[in-house]
Every structure is written in C-alpha cells, then in structure tokens.
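Worksheet for the structure shown next.
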Amino acid sequence: MTSDIERPNRPALSLHVPEPNARPGDEIDFSHIAIPPAGSVRKPDVSASPAETHELVYSLVRVLDDEGRAVGMWDPRLDPDQLRRIYRDMVTVRIFDDRMYRAQRQGKTSFYMKSTGEEAVAVAAAHALDRDDMTFPTYRQQGILVARGYPLRDMMCQVYSNRADPLKGRQLPIMYSSREYGFFTISGNLATQYPQAVGWAMASAIRGDSRIASAYIGDGSTAEGDFHAAVTFAGVYRAPVILNVVNNQWAISSFSGIAGGELTTFAARAVGYGIAGLRVDGNDPLAVFAATRWAADRARLNLGPTLIEMFTYRVEGHSTSDDPSAYRPKNAGAAWPLGDPIARLKQHLVLLGEWDETRESDLLETVEAEVRAAQREAEKQGTLVTSSIEFPQDVTTMFEDVFEEMPWHLREQQAQMVAELEAKRK
Amino acid sequence: MNMIQAINSAHDVMMERDDRVVAMGEDVGFFGGVFRATEHLQKKYGRSRCFDTPISENGIIGTAIGMAAYGLRPVAEIQFADYIYPAFDQLVSEAARMRYRTAGEWTLPLTVRSPYGGGIFGGQTHSQSPESLFAHVAGLKTVIPSNPYDAKGLLIAAIEDPDPVLFFEPKRIYNGPFDGFFDRPVTPWAKHPKAEVPEGHYTVPLGKAAVVREGEAVTVVAYGTMVHVVLATIEAEGIDAEVIDLRTILPIDMDTIEASVKKTGRCVVVHEATRTGGFGGELSALVQERCFYHLEAPVQRATGFDTPYPHSLEWAYFPGPIRIGTAIKKALEV
Ligand SMILES: Cc1ncc(C[n+]2csc(CCOP(=O)(O)OP(=O)(O)O)c2C)c(N)n1
Chain A
31 MTSDIERPNR PALSLHVPEP NARPGDEIDF SHIAIPPAGS VRKPDVSASP AETHELVYSL
91 VRVLDDEGRA VGMWDPRLDP DQLRRIYRDM VTVRIFDDRM YRAQRQGKTS FYMKSTGEEA
151 VAVAAAHALD RDDMTFPTYR QQGILVARGY PLRDMMCQVY SNRADPLKGR QLPIMYSSRE
211 YGFFTISGNL ATQYPQAVGW AMASAIRGDS RIASAYIGDG STAEGDFHAA VTFAGVYRAP
271 VILNVVNNQW AISSFSGIAG GELTTFAARA VGYGIAGLRV DGNDPLAVFA ATRWAADRAR
331 LNLGPTLIEM FTYRVEGHST SDDPSAYRPK NAGAAWPLGD PIARLKQHLV LLGEWDETRE
391 SDLLETVEAE VRAAQREAEK QGTLVTSSIE FPQDVTTMFE DVFEEMPWHL REQQAQMVAE
451 LEAKRK
Chain B
123 MNMIQAINSA HDVMMERDDR VVAMGEDVGF FGGVFRATEH LQKKYGRSRC FDTPISENGI
183 IGTAIGMAAY GLRPVAEIQF ADYIYPAFDQ LVSEAARMRY RTAGEWTLPL TVRSPYGGGI
243 FGGQTHSQSP ESLFAHVAGL KTVIPSNPYD AKGLLIAAIE DPDPVLFFEP KRIYNGPFDG
303 FFDRPVTPWA KHPKAEVPEG HYTVPLGKAA VVREGEAVTV VAYGTMVHVV LATIEAEGID
363 AEVIDLRTIL PIDMDTIEAS VKKTGRCVVV HEATRTGGFG GELSALVQER CFYHLEAPVQ
423 RATGFDTPYP HSLEWAYFPG PIRIGTAIKK ALEV
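These protein sequence lines are chains A and B, in that order. For the first sequence, the numbering used here begins at 31 and goes up steadily by one. For the second sequence, the numbering used here begins at 123 and goes up steadily by one.
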C-alpha cells in the first residue's frame, strides 16, 4: 500500500467520519444546539432579495416563547378559531398515527411510519397554503391530508391495502396519493419528488396559473442528487415553489451530520444557489405557519423559490421496522429542547384564554371517536391479511394501469394468474 | 449461520486479511446496516474502514470508484436494489468501462452489495430484481447467491476480484430457505445442510454454476430465492428434474447448462424479475443457440409478471410452485 511509503516530512492523513455526540448509554446532550429567543429574528419584506434572507439561514425563526406567548415580527396573528383548527388537526394526526402503529403491531398491515413531533411542519404549513396549491410530500407529511380534510377512513384503507384502498393495494402503507387534495403520490425512492415539484411550479408559471407548489424532503435525503437538481432548477427559473427540508436530525440510524448538517445548516443550502432561505423552529406551529405564508406570498408574487429548513426532531423510530434505542440514547425525543408542537400550541391557546381542560378532554374524546369510527369502517373493507389464495382485493387488478390499454402480453399473464389461482383452490 | 451472518463473516474475514478492504453505505457503520450485514465491523476495524455514507447512491458508487482507483477494495452497500438507479450512471458509464477505456491502466476492484427481490411486503420500491439491467452492460459481473455457504464464498471471491462486481442478496431467504408456499413458514438455515459455513477464508468461484440436484427429465435453471421454490416444486410434483443454481448471472456458466440440457433435452428458466427483457430471455436464447438439436420442447420461462411489484398482491405476483410447476409440465409435454 502507498501508505507504507516513508514520506518523513508529511503528516499522515486521516478520514473524518462524523459521529453524534451521544450514543445508547450516554446522557442525551442537546447543549450544542443554539436556540435564539423567540421573536428575535428579523422578518424581511416579502419582496426582499434572496441575499437579504441569507443571514436568517443560520438563525431560527421562533414565535412562541417558553410561556406560550406569540412574540416578534414573525407572529402571524392568527385568530383563535384558526389556531384551534390547526391544533385539532395536529391532535388528529397524532391519534391517527398511534392507532395505525398499533394496527401494524397487530398484524393488520405490513408497515407504518409515524410523524410524532413533526405534526406542525405538515399541518401548520398546509393551513398557510391555499387549498389548491400542490404539495409534494414525503411519507412523514400525512398531516397535509388531515389538514385538507381527506377522509381518515380512506387513509386507513390505503394503510390496509384493502378493497377500498384508492391505490388498489399497490403502494406501501402511508404512501398516499390524492390529486384532488393536492397531495402528490409518495415515492419510496427518496428525493425524486423534489425536482418534480419544481417542474410542477415551472408549469404553473408557463401557463400563467396562480397556484404554487410546496415540496418536502428529509435532512438525510438532501444528499441525493435530485435535491441539488431541484434547487438549481428552482433558482434558475425562479419557480414558484416552497422547498421544505424537514430536519428531524435522523435518517434511519444516521444522524444529520452524515448529510452535512455538521458543516452548516440545511437552510444555508439556499445561499449557494442564490435563492431565499429561512431556518424555522419546526416545533412551533406559528413559526411554521408564518414562514410558509411568507414563502407562499413570494412565490405568488413571482419572486421565486424559498428553501425552508424546518428544524425538528424525530421522536419515534424511523418506521415500524426500526429500533432507535440501538443507535441513540433512550428518550432522546422527550429531551428535545424545542418541545412538542402540540403541547406548545395548547399552552398558547390556554394563555390566550381560548382553551381549557374541558375543551381539551372534549376534543380528545371527539377525535378518538372519529379515528376509531374511521378504523371500524376501514376494517369492514378488510386488512392486509393475505395468503397465496385469498387477497385483500381482486387480483386481476394487478395488470391494470400499467398502461392505459392492456397489451396482449399482460392479458396473457392475467389469464395465467387466474388459472394459477384456480389450480391453488383445488 | 444464516445468510446475513455469512455475509458479515465474509466482510470480517476480508477486512482482517486485507487492510485495503473498506465497507461503506447508508446506515452501514454504527448500526451495522438495516439488515445487519455489517454489524460489529465498525467497532472492530474503526470508523475509517466501516462508515455511514450520505443518502446518495450516486455519491456512494462514485466515491467507491475513486477509492478503488486509489487501490482500496471498497464494499459498498446499496440499502435496497431498488435504490441503485440513482447510481446507474456511475456503474454503467464509469465502473463498467474503466478497464476497457484505459486499456487496463485503471482497474476497479469494487464490490456493490444490495438486498434484492420480493416476498417481504416491500411494495414496488423494495422488491425489484434489476439483474438483467446490469447483465446488459458490458464490464459488470453480477452475482446472486442462494444459500449462506455460497454467499460467503462468493462475496469473498467478489471482493478479491479485480473487476467491479454487483452482489445481489435475495433478502427473502436471508433467514432461511423459502419454498414459495405462503402458508409454510420460512425454515431457518440451521436445519439446512447449506448452513454449515466455515469461519475462515474460502471462496466459491465467480462464473461457476452449481448443479444442486441431479435429474434426467428436465433442466431447471434458477438463482437466488427461486432455487428453493424450484426444489420445493419438483419435490411436490415428483419430477426428476436437474436443478442448476446459476450463482453468477454474468459471466454465465454455459458449460454446465449446456451439458445438462444436452442430457435432459428440456429446459425451464425461472426468475422472479419481470418476464419481458428479463435474464430468462438471454438464457433461453443461449440454450436454443447451443442445444437446439438436443431440445425436445421449447425452452419455458417462469417469471414475475410484467407489472411493478404490487404490495398487497405480491403472493400472486411471485412465481410460486404452481407457475413453476406449469412451466415444467409444459416443457415435459411434447
Ligand atoms: C433512493 C433511496 N435510497 C435509500 C432509501 C432507504 N431509506 C428510506 S428512508 C431513509 C432515510 C431518510 O431520512 P430523511 O430523509 O432524513 O427522512 P426521515 O425519514 O428522517 O423523515 C432511507 C435511507 C430510499 N428509500 N430511497
């Protein structure tokens, strides 16, 4: 090996491989995280040049302070009804997640992914968009569907891959799609939706439309080439798109340092591409709302894209197939210094005199009942209990939608499969 | 040992013997890989020899090519074979042609491991079998083991090979052989003769198929998970088939196939990848070219269907004993 060669005057090189500062057995330590006080970050005019936002990519937009007050220039001044609607949607997502997680554990489906602690980045942002703006989510923004009033039962049917699954049992659970609700199909291949969102936004501009697009990606997935292609195109064509990076600090077992989060912020990716950027407390629903609305206004005014880092924490495992206690301290999520978005909004509402324990227990009861009822309805349509003969839905549908018209070879294979099933039944 | 342990052991043996061997990929370091194929390696060999990479398959393969160009022997994991496509350009345009375009000045002793295939409810993005795409590219070797013994020996051979090797691991049988019947549990490897895996160094040569069952009536060529489904099928049907486990997709061991087909006069090719343009087409063309006058019936194929992998219907999609049995009977009809 070349390293054996003597070069006495030169030091040996060594490879830096980032490591998180706490592993299982260590005390969880978030002291390295700089958290500026709520309200301390300046809010530029919507027509600001991208460069005027660039100092904000190293800071953190926060509205709710420790007492639950909304402070500073970014306070979106939402009325109590709207705050309660956001609160209710976030609570619904959490209860839904818990139910479906349990359903997976009960063997009713193959897989599930929770968004615990990240409800605000989907729900509050969805409330700040127009209903007909198109979203290009990842598997952790089920909150957009909830905020847009998509039926919970249909979401569950998708998770169960049952007869009423709008996607005919073809997609993994949680990989929803709804054109009508402005929710682009989720891909299992990370980052692919990012340039697609930019393309959708470019098309909207080409056609002189007024709708904008909003894309989501995880911190880990920003390492994919598609992320960089998307940001390049978005900047070049000033596409009317919001590019959200949900920095929940973990990508399965790899911490955000492995994606470059140790070197700079994810929001700072905006700087090199010359587009507007913001770094936002993703556990602060008001900050998420305000930043999204600001970026949406810019996009609508034809001022181009904004990249928003939603700084949050993945409280639960990556998915039902993951055990986070193997790679990070137990209860790391509970120690996250920016708190829980649901608890923070509740505290704010209570402080305003717009919420109390009676209303809280009423809400929990109502939403629990709603989710339970949806689950009952969904399970009437079956769950993913399958055998090599009995399937949750009509097997002949497997050959549909490969093309608009089924070519001869697929018709032949369809017939072959029907014959196989008959043979099995004998 | 199960197949995961055998793969882990191959890494361990090679990292111990040769300090140029490094393991890299998403979640490969501290965690040991989502399937645990690289468990304990970081602890034993340090972070600069076994490390996590950014989620960038293109970056993983591109940098692995650079490392191999330096003289290391990188073993890069792509978490699921379905995610190898972002790295397609680096593999196809760069790795595959490096030796050729530089007249041998640069060679790439690079191994790319990836779990592939269906049967674990992975949906259409965790189930595909991309081997024929790589077989179509001049300059890449593609290997698919069907049992722990072969997995370890073939992986060591791949790491020692001076050229880039794609090593696809049938994740359906990581834990044990699988007979293709839904209602029968996967048998753990512990009960299987192929689970006897030596601790130390040995190789199973690349480019050599194995006759896993001798027979007279028909030759069945399969690889990966399908070897087990074929064996279960012929046992259930009581057919005297000769079963060939291809082990290496490219270069193909035509001598073994040819000898067998000339003996039996019949041939069935089985894989779980989609049918059209699949590797079964190449195999049947080769058999027709070389054994035409010995064939008593057209070569048959039993494969996955030409649709993406459907999450909830994978048990209808997957070639099981009925589909394989039908193909074999067809080959025996004439
Ligand atoms: C192209 C591609 N590579 C690898 C994977 C496997 N994978 C699925 S999720 C994931 C981690 C993603 O992390 P991040 O982007 O941070 O999102 P998070 O899950 O934290 O929300 C990985 C590596 C994949 N789905 N697609």
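A virtual CB, placed ideally from N, CA and C, is assigned to each residue, including glycine.
In terms of Cα proximity to A:V261, the closest of A:G291, A:I305, A:A362 and A:A233 is A:I305. For A:E339, the beta-bridge partners assigned by DSSP are A:V275 and A:R309.
Contact check for B:A257 against B:L372 passes: the beta carbons are separated by less than 7 Å. Listed in chain order, the positions of the stretch 357-383 of chain A with a beta carbon within less than 7 Å of a beta carbon of chain B are Y357. Where A:M164 is concerned, the enclosing beta strand (DSSP E) starts and stops at M164 to F166. Shortest gap from the CB of B:I177 to any heavy atom of ligand 1: under 6 Å.
Annotation for B:E394: the continuous beta strand (DSSP E) segment containing it runs C389 to T396. Contact between the stretch 430-440 of chain A and the stretch 289-309 of chain B is absent: fewer than three C-beta pairs spanning the two stretches fall below 8 Å. Within the stretch 91-146 of chain A, the complete alpha helix (DSSP H) runs of at least 4 residues fall at 110-135. When DSSP reads this structure, B:R423 sits in a beta bridge with B:V391.
In the DSSP assignment, A:G248 falls outside any alpha helix (DSSP H) and within the unbroken beta strand (DSSP E) covering A243 to G248.
At a cut-off of 7 Å between beta-carbon atoms, B:I444 makes contact with chain A. With respect to the C-alpha of B:Y415, the residue from B:I444, B:V383 and B:G442 having the closest C-alpha is B:V383. For the pair A:G98 and A:P315, the Cα-to-Cα distance works out to about 11 Å. Note that the C-beta distance between A:Q411 and A:A133 is not below 7 Å. Residue contact with chain A for B:P432: present (Cβ-Cβ distance below 7 Å to some residue of chain A). In the same chain as B:Q127, and ignoring 5 residues on each side of it, the C-beta atoms closer than 8 Å to its own belong to P270 and V319, in chain order. In this structure, B:G399 is the residue among B:I446, B:S406, B:A453 and B:G399 with its C-alpha nearest to the C-alpha of B:D428. With contacts defined as CB atoms closer than 7 Å, A:G212 and A:T168 fail to qualify as a contacting pair.
In this structure, ligand 1 has a non-hydrogen atom nearer than 6 Å to the beta-carbon of A:S251. Between A:L273 and chain B, the shortest Cβ-Cβ separation is not below 7 Å. Using a CB distance below 7 Å, the part of the stretch 155-169 of chain B facing chain A consists of V156 and R169, ordered along the chain. In terms of Cβ geometry, A:A300 and A:G307 form a close pair [threshold 7 Å]. Proximity of the beta carbon of B:G245 to ligand 1 is not indicated: no heavy atom of the ligand is located closer than 6 Å.
Following the DSSP letters along the chain, one finds A:T262 inside the alpha helix (DSSP H) bounded by residues G255 to V266. Below the 9 Å Cβ cutoff, chain B contributes P176 as neighbours of A:G290, in chain order. The C-beta separation of A:D249 from A:G218 comes to about 18 Å, leaving the pair out of contact by the 8 Å criterion. Taking a C-beta cut-off of 8 Å against chain A, the contacting residues of the stretch 199-223 of chain B are D204, Y205, Y207 and P208, listed in chain order. Under the three-state reduction of DSSP, B:V365 is assigned to strand. Close to A:M447, with beta-carbon spacing below 8 Å, are these residues of chain B in chain order: F427 and A438. In this structure, the alpha-carbon of A:F341 lies about 46 Å from that of B:Y345. With a threshold of 6 Å, the Cβ atom of A:L220 counts as near ligand 1, since some heavy atom of the ligand is closer than that. Shown here for A:S191: same chain residues with a beta carbon closer than 6 Å to its own, the five before and five after excluded, namely G199, L414 and P422 in chain order. By the C-beta density criterion, A:Y117 is buried, having at least 16 other C-beta atoms within 10 angstroms. Boundaries of the alpha helix (DSSP H) around B:M137: M125 to R139. Along the length of the stretch 200-268 of chain B, whole alpha helix (DSSP H) runs at least 4 residues long occupy 220-223 and 253-257, reported in chain order.
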